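Undergrad:
Residue numbers (UniProt numbering): 1 to 465.
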């Protein structure tokens, strides 16, 4: 929308037209597409659909756009560089930092929803959804401003995050613990734990970030590493892993974001690991002293099942790695204590008992234990039957750790028709939210326009999530 030159009696202003649309969509008129989840994925897709003229509502349970970032732990920041992270249509300004703090990203997302004129329902929780095979529409009940509202979209997109629901382990004795304990997704930050004894269970991105912030705040921190983790140093990853496509130098070489995305997507997943293996071999060689220090500290390192490193781990399982922005040195020099190759035997009133018989005094336990498949949200919102019908989301079927075969060819169930008609999944990092929202939005636009959209083969379900 925009201002229209000319004259006419009682013609509405841009503001009045936007207010009228917001008042009617979802009430007098129904959205063609409903997006559940208003993080970067839902926002990017909403912007694409807005430009394509597809009536869309985004629902988000948080109070403001960007709160999914603001409400995470205090030290959270992007580990990917700015050139990799642009949203559709509006790039970050040239003075934007290479690595964005969480609250800055939250503010950018909130601004973006406004200037892109998205119909964004904050403080709104999706309660239930069901699909009518006869009418070919969804019935979705959402709770907004204390009232239940029934929406009738033709297409439903779950953009609730690539990682799905939090995995909270069930250790013996958890209910007896007298201190604070929570999943990393609920960690409020380090400020209340100065002088306290903190145990962080896990050794991937969130575990390292939280452990480092707790140490900075004056806590006595121990990380419990139950299995091996891949670590790439941020500077090295930027130069060797992303520099040729997403960097200041790439821009000077004429590689725009659009060109970089096309080049990045041009390698089939089937052979992508063959290009990643030599890159990570170079990283291992360049940072040999760094890795030697970690191993000396007892940290269990890996480079993926086939030595293909971080990016293939991300595509295959979405976990098992840390991009080092400083926490590794704290482990190397002993500032963050480490217990590796052990599991949790029992949680006691004031301690964590490990499988090797050692006991860690604790005032705080953070379970940085990852997330489940995205279709866990489908089970809660729609039904377990529908979630099982769709099957596991994410992963390639590479027959590697946490990515069971057979080979799928593309990421399971992402950005494409699923076994449940009119149900779509959208998620990933900022790059994927930008790039793949284009292809998902075009599929939705074609259906909205009544164009033939034959599906030549749905993904077979081999794993239920």
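The beta carbon of each residue, even a glycine, is placed where N, CA and C say it ideally should be. Values in this document were obtained by computation on a predicted structure and should not be read as measured data.
Would you say the region 310-319 touches the region 395-403, given that touching needs at least three Cβ pairs under 8 Å?
TA: Touching, yes.
Undergrad: Is it true that the CB of residue 308 sits closer than 7 Å to the CB of residue 276?
TA: For residue 276 and residue 308, yes; Cβs fall inside 7 Å.
Undergrad: By DSSP, does residue 121 sit in helix, in strand, or in coil?
TA: The answer is strand: DSSP assigns residue 121 an E or B state.
Undergrad: Counting only runs of 4+ residues fully inside the region 220-252, write out the alpha helix (DSSP H) ranges in chain order.
TA: Qualifying alpha helix (DSSP H) stretches, in chain order: 248-252.
Undergrad: Excluding the 5 residues preceding and the 5 following residue 201 in the sequence, name in chain order all residues of the same chain whose CB lies nearer than 6 Å to its CB.
TA: Closer than 6 Å at the Cβ level, and outside the excluded window around residue 201, lie 224 and 367.
Undergrad: Just to confirm the assignment: which complete alpha helix (DSSP H) runs, minimum length 4, are found wholly within the region 99-158?
TA: If we require 4 residues or more, the alpha helix (DSSP H) runs fully inside the region 99-158 come out as 102-115.
Undergrad: Could you pull the start and end residues of the beta strand (DSSP E) that residue 426 belongs to?
TA: No beta strand (DSSP E) holds residue 426; DSSP gives it neither H nor E.
Undergrad: Assuming the contact rule is C-beta atoms closer than 8 Å, residue 467 and residue 218 should be a hit. Round their C-beta distance to whole Å, please.
TA: Any property of residue 467 remains undetermined from this structure, which presents the chain solely from 1 to 465.
Undergrad: Go through the region 27-102 residue by residue and report every complete run of the beta strand (DSSP E) that reaches 3 residues or more, in order.
TA: Runs of the beta strand (DSSP E) inside the region 27-102: 33-36 and 56-59.
Undergrad: From residue 284 to residue 192, what distance separates their C-alpha atoms?
TA: So the two alpha carbons sit approximately 38 Å from each other.
Undergrad: For the pair the region 61-68 and the region 100-110, tell me if three or more CB-CB distances fall below 8 Å.
TA: Contact between the region 61-68 and the region 100-110 is present, because at least three Cβ pairs lie under 8 Å.
Undergrad: Considering only residues of the same chain and omitting the five flanking positions on each side of residue 257, which have a CB-CB separation below 6 Å?
TA: Counting only Cβ-Cβ distances below 6 Å, and skipping sequence neighbours, we find 86.
Undergrad: Look at the alpha carbon of residue 282 and the alpha carbon of residue 240, and state the distance between them as a whole number of angstroms.
TA: Taking the straight line joining both Cα atoms gives about 8 Å.
Undergrad: When DSSP labels each residue in this structure, what does residue 273 get in the three-state scheme?
TA: Residue 273: helix per DSSP, three-state reduction.
Undergrad: My output table needs one value for residue 382: the three-state DSSP class, helix, strand or coil.
TA: Coil, per DSSP.
Undergrad: So, do the region 243-254 and the region 335-342 have three or more beta carbon pairs nearer to each other than 8 Å?
TA: No, the region 243-254 is not in contact with the region 335-342.
Undergrad: Just checking my contact of residue 444 with residue 426 at CB under 8 Å: how many whole Å lie between their CB atoms?
TA: In fact, because the Cβ distance is near 10 Å, the residues do not count as touching under 8 Å.
Undergrad: Buried or exposed for residue 404, please, with buried defined as at least 16 other CB atoms from any protein chain shown within 10 angstroms of its CB.
TA: Exposed is the call here.
Undergrad: Tell me which same chain residues have a C-beta within less than 7 Å of the C-beta of residue 320, skipping the five on either side of it?
TA: Excluding residues within five positions, the ones whose Cβ falls inside 7 Å are 204, 229, 230 and 313.
Undergrad: Note the first and the last residue of the continuous beta strand (DSSP E) segment covering residue 345.
TA: Element bounds for residue 345: 344-347.
Undergrad: How would you call residue 38, buried or exposed, if buried means at least 16 neighbouring beta carbons within 10 angstroms?
TA: The residue is buried, with at least 16 neighbouring Cβ atoms inside 10 Å.
Undergrad: Determine the extent of the alpha helix (DSSP H) in which residue 329 is found, giving its start and end residues.
TA: Segment 327-332, the alpha helix (DSSP H) holding residue 329.
Undergrad: Comparing the C-beta of residue 191 with each C-beta of chain B, is any distance below 7 Å?
TA: The structure shown contains no chain B; it holds only a single protein chain.
Undergrad: For residue 436, which three-state DSSP category applies?
TA: Three-state DSSP puts residue 436 in a helix.
Undergrad: With a cut-off of 8 Å, do at least 3 Cβ pairs link the region 426-435 to the region 66-85?
TA: Yes, since at least three Cβ pairs between the region 426-435 and the region 66-85 fall closer than 8 Å, the two stretches touch.
Undergrad: Could I get the ranges of all uninterrupted beta strand (DSSP E) runs contained in the region 179-209, with 3 residues as the minimum, in chain order?
TA: Segments of the beta strand (DSSP E) lying fully in the region 179-209: 180-183 and 197-201.
Undergrad: Between residue 173 and residue 352, what straight-line distance do the alpha-carbon atoms span, to the nearest angstrom?
TA: Using only the alpha carbons, I get a separation of about 10 Å.
Undergrad: Does DSSP put residue 351 in a helix, a strand or coil?
TA: DSSP places residue 351 in strand when its eight states are reduced to three.
Undergrad: For residue 80, count the other beta carbons within 10 Å of its own beta carbon; 16 or more makes it buried, fewer makes it exposed. Which is it?
TA: Under this definition residue 80 is a buried residue.
Undergrad: Quick check: what's the CA-CA separation for residue 374 versus residue 407?
TA: The alpha-carbon atoms of residue 374 and residue 407 are separated by roughly 19 Å.
Undergrad: Express the C-alpha separation of residue 139 and residue 150 in angstroms, rounding to a whole number.
TA: Each residue's alpha carbon lies about 7 Å from the other.
Undergrad: Return the CA-CA distance between residue 418 and residue 323, expressed in angstroms with no decimal places.
TA: Taking the straight line joining both Cα atoms gives about 32 Å.
Undergrad: Leaving out the 5 sequence neighbours to the left and right, which residues in its chain are closer than 8 Å to residue 29 when beta-carbon positions are compared?
TA: Same-chain partners within the cutoff: 55.
Undergrad: Assuming residue 197 and residue 378 make a contact with CB atoms under 8 Å, what is their CB distance in whole Å?
TA: Not quite, the Cβ-Cβ distance comes to about 39 Å (not below 8 Å), so this is no contact.
Undergrad: Taking the continuous beta strand (DSSP E) assigned at residue 324, which residues delimit it?
TA: Per DSSP, residue 324 belongs to the beta strand (DSSP E) from 321-324.
Undergrad: Can you tell me which of the three DSSP states residue 301 falls into?
TA: It is a strand residue.
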